[in-house]
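The sequence shown: position 69 = 345 (the working numbering), numbered continuously.
Down below is the structure, laid out as structure tokens.
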Amino acid sequence: MDISDLSDWLIVIAPLVLLVLWVGYKFRKSTASGPPGFSADYFKGLNYLLNDEQGKALDIFVRLVENNWEIVDTHFALGKIFRKNGEIDKAIKIHQGLIARPSLPEQYRSTVLLELAYDYLGAGWFDRAEGLFKEVLVYDKKSLEARHNLILIYQQEKDWHKAIDIASDLYHDEPQKMGPMVSQYYCELAEIAKAKGDVAQVEHNAHQAFRFDPDSVRASILLAQEAINRKDYNAAISHYQKIEHQDAEFLPVVLSSLVDCYDRLNTSDDLLKYLDELELRNGNLLLMNLHASVLGRYKGESASVDYLSKVLKRQPSLQVMQELAAYKSRIQDDRDIDFLHDLQTALQAMRKDSTEYGCQRCGFGSNTLYWQCPSCHSWATIKPVVVNSL
Ligand SMILES: [Zn+2]
């Protein structure tokens with residue numbers, strides 16, 4: 277055994293040995309007048325542990341608890357250490373050993389079941405973990421730990437109906453936390469219905485989503501898309517416009533679809549008026565690109581140049597400068613074109629490669645809008661990112 281092997285061994289074994297010594301201490305204290313002979317077993321177990329024969333050591337320690345359930349906390353701690361070290365099989369052995377003891381006192385049953393369920397989760401056996409979390413609820417109907425873990429399992433398995441059942445039950449106690457989650461589950465059901473072309477179910481689930489979270493941007497988008505499918509552009513516009521009041525940071529996600537709806541209705545004056553007002557309320561750089569392009573389309577590109585020049589004075593940024601150079605290079609007809617083209621290329625290079633969307637909770641970046649962050653699993657925390665403002 278070289279030095280690094282020795283230090284690895286110490287890191288793994290030291291906490292176990294300390295724990296077992298403590299078990300021994302507690303055991304000795306509480307069974308001072310108990311049956312003789314326990315210490316021989318105890319030292320045998322310790323010896324196995326030190327010789328790295330943990331399987332045999334566990335057999336002994338699980339048996340030792342039989343005479344004194346007060347030391348069961350140390351078994352839980354031992355199980356946690358094994359689980360943390362990735363030795364799930366050993367953690368499972370401890371907890372299964374405890375659950376199999378006919379003398380297991382009722383007051384410890386839920387905890388043993390929960391610990392074993394965490395072992396199964398760690399091993400990736402979701403169905404077994406689910407079974408145990410449900411069993412916990414048989415003994416302790418209100419167990420928050422079991423219910424929250426079941427929700428995580430159902431989310432993982434995309435079993436939205438089961439997730440809704442449990443989460444809507446928790447909603448009454450924790451509306452702030454659970455409302456947006458239940459709402460997202462209904463949106464997931466709406467997306468499934470949408471893929472099947474089941475319009476009634478899309479609308480039903482979107483409205484359920486609003487019941488649990490009136491500010492569900494995702495439900496507004498689903499309803500707007502349904503309205504577009506049936507060519508009701510006025511309805512689509514009002515669904516999209518609602519998003520400004522639900523969570524304005526999501527507006528850039530829907531603006532081009534919103535502009536399309538105005539285009540379909542041939543109401544460019546209304547659109548330009550809406551964009552002006554929107555910009556007064558939300559000076560977001562992501563709105564400005566689109567505003568410039570709408571102006572260019574309806575009033576000519578010199579209108580875009582005038583608009584961007586004003587924006588640049590008010591809110592200097594590389595992004596606006598680059599847009600402005602692009603418009604100018606298209607409408608200039610003299611030698612400035614080469615200069616503007618070079619300027620635009622240089623500005624493009626100065627803008628670092630950047631992601632379009634970012635998670636506001638964990639910083640995960642992406643070019644796709646995910647409603648649930650793939651990194652931290654939070655809902656609706658991934659939003660459009662404003663890049664490179666100076
Ligand atoms: Zn995240």
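Cβ atoms here follow ideal geometry from the backbone N, Cα and C, with glycine treated the same way.
From a predicted model like this one, the values you see are computed outputs, not experimental measurements.
(message) Let's test the definition: count the other Cβ atoms within 10 Å of the Cβ of Ala656 and tell me whether it reaches 16, buried, or not, exposed.
(response) buried
(message) Is Ile658 a contact residue of ligand 1, with contact defined as CB to any heavy atom under 8 Å?
(response) yes
(request) Count the C-beta pairs between the stretch 453 to 463 and the stretch 489 to 498 that are closer than 8 Å, then say yes if the count reaches three, no if not. (result) yes
(request) Note the first and the last residue of the continuous alpha helix (DSSP H) segment covering Ile513. (result) Tyr509 to Asp523
(message) I need the boundaries of the alpha helix (DSSP H) containing Lys332, first residue and last residue.
(response) Gln330 to Leu340
(message) Rounding to the nearest angstrom, what Cα-Cα distance links Lys410 and Ser654 in this structure?
(response) 24 Å
(request) Could you tell me whether any non-hydrogen atom of ligand 1 is closer than 8 Å to the CB of Cys537? (result) no
(request) Would you kindly check if the distance between the Cβ of Glu391 and the Cβ of Lys356 is under 9 Å? (result) yes
(message) I need the boundaries of the alpha helix (DSSP H) containing Cys537, first residue and last residue.
(response) Leu527 to Leu541
(message) Here's the rule: buried if 16 or more other CB atoms are within 10 angstroms of the residue's CB, otherwise exposed. What is Arg667?
(response) In this structure the chain extends from 277 to 666, so residue 667 is not present and cannot be described.
(request) Please go through the stretch 573 to 635 and give each complete beta strand (DSSP E) segment of 3 or more residues, from N-terminal end onward. (result) 633 to 635
(request) Count the other C-beta atoms from every protein chain shown that fall within 10 angstroms of the C-beta of Pro271, then say buried if there are 16 or more, exposed otherwise. (result) In the structure as shown, the chain begins at 277 and stops at 666. Residue 271 is therefore absent and cannot be evaluated.
(message) Once DSSP output is grouped into helix, strand and coil, what is the label at Lys434?
(response) coil
(message) Among the candidates Glu342, Gln477, Tyr318 and Lys589, whose CA atom is the shortest distance from the CA of Lys332?
(response) Tyr318
(message) Pull the bridge partners of Ile364 from the DSSP assignment, please.
(response) Ile364 is not bridged to any residue.
(request) Thinking Leu498 and Lys470 are a contact (beta carbons under 8 Å), I'd like their distance in whole angstroms, please. (result) 7 Å
(message) Checking 9 Å against the spacing of the C-beta atoms, do Lys575 and Leu531 come in under that value?
(response) no
(message) Less than 9 Å between the C-beta atoms of Ser533 and Ala512, yes or no?
(response) yes
(request) Report yes if the C-beta of Arg506 is less than 8 Å from at least one heavy atom of ligand 1; otherwise report no. (result) no
(request) Tell me whether the beta-carbon of Leu374 lies closer than 9 Å to the beta-carbon of Val338. (result) yes
(request) Taking only the alpha-carbon atoms, compute the straight-line gap between Cys364 and Val661 and give it to the nearest angstrom. (result) Checking the displayed sequence, the identity of residue 364 turns out to be Ile instead of Cys. One C-alpha to the other measures close to 41 Å.
(message) Looking at the secondary structure, which residues open and close the alpha helix (DSSP H) in which Lys417 lies?
(response) Unbroken run through Lys417: none, as it is neither H nor E.
(message) Which residue marks the beginning of the beta strand (DSSP E) containing Pro490, and which one marks its end?
(response) Unbroken run through Pro490: none, as it is neither H nor E.
(request) Please indicate yes or no: does the CB of Phe640 lie closer than 8 Å to some heavy atom of ligand 1? (result) yes
(request) Using 10 angstroms around the beta-carbon of Gly455, count the other beta-carbons present and answer buried if the total reaches 16, otherwise exposed. (result) buried
(message) Using only the alpha-carbon positions, how far apart do Arg540 and Ala503 sit?
(response) 13 Å
(request) Using 8 Å as the cut-off, classify the Cβ of His424 as near or not near the heavy atoms of ligand 1, replying yes or no. (result) no
(message) Mapping the DSSP letters down to three states, classify Pro650 as helix, strand or coil.
(response) coil
(request) May I ask you to report which of helix, strand or coil DSSP gives Val661? (result) coil
(request) Indicate the three-state DSSP secondary structure (helix, strand or coil) for Pro311 in the structure shown. (result) Below a pLDDT of 50, predicted positions are generally treated as unreliable, and Pro311, at 44, falls in that range; the measurement from the model is reported next regardless. It is coil, neither helix nor strand.
(request) Taking Arg385 as part of the alpha helix (DSSP H), name the residues at either end of that continuous run. (result) Glu382 to Ala399
(request) Go through its chain and collect everything with a Cβ distance to Leu600's Cβ below 8 Å, but skip five positions before and after it. (result) Val581, Leu584, Ser585 and Leu588
(request) Within the same chain, show all residues whose beta-carbon is closer than 6 Å to that of Leu571, passing over the 5 residues directly before and after it, in chain order. (result) Ala579, Ser580 and Tyr583
(request) Please name the residue or residues paired with Gly641 in a DSSP beta bridge. (result) Gly634
(message) Against chain D, with Cβ distances strictly below 9 Å, would Leu616 count as a contact?
(response) Of the chains in the structure shown, none is chain D; there is only one protein chain.
(request) Report the rounded CA-to-CA distance for Asp562 versus Ala500, giving the unit in angstroms. (result) Residue identity check: residue 562 is Leu in the sequence provided, not Asp. The straight-line gap from Cα to Cα measures roughly 21 Å.
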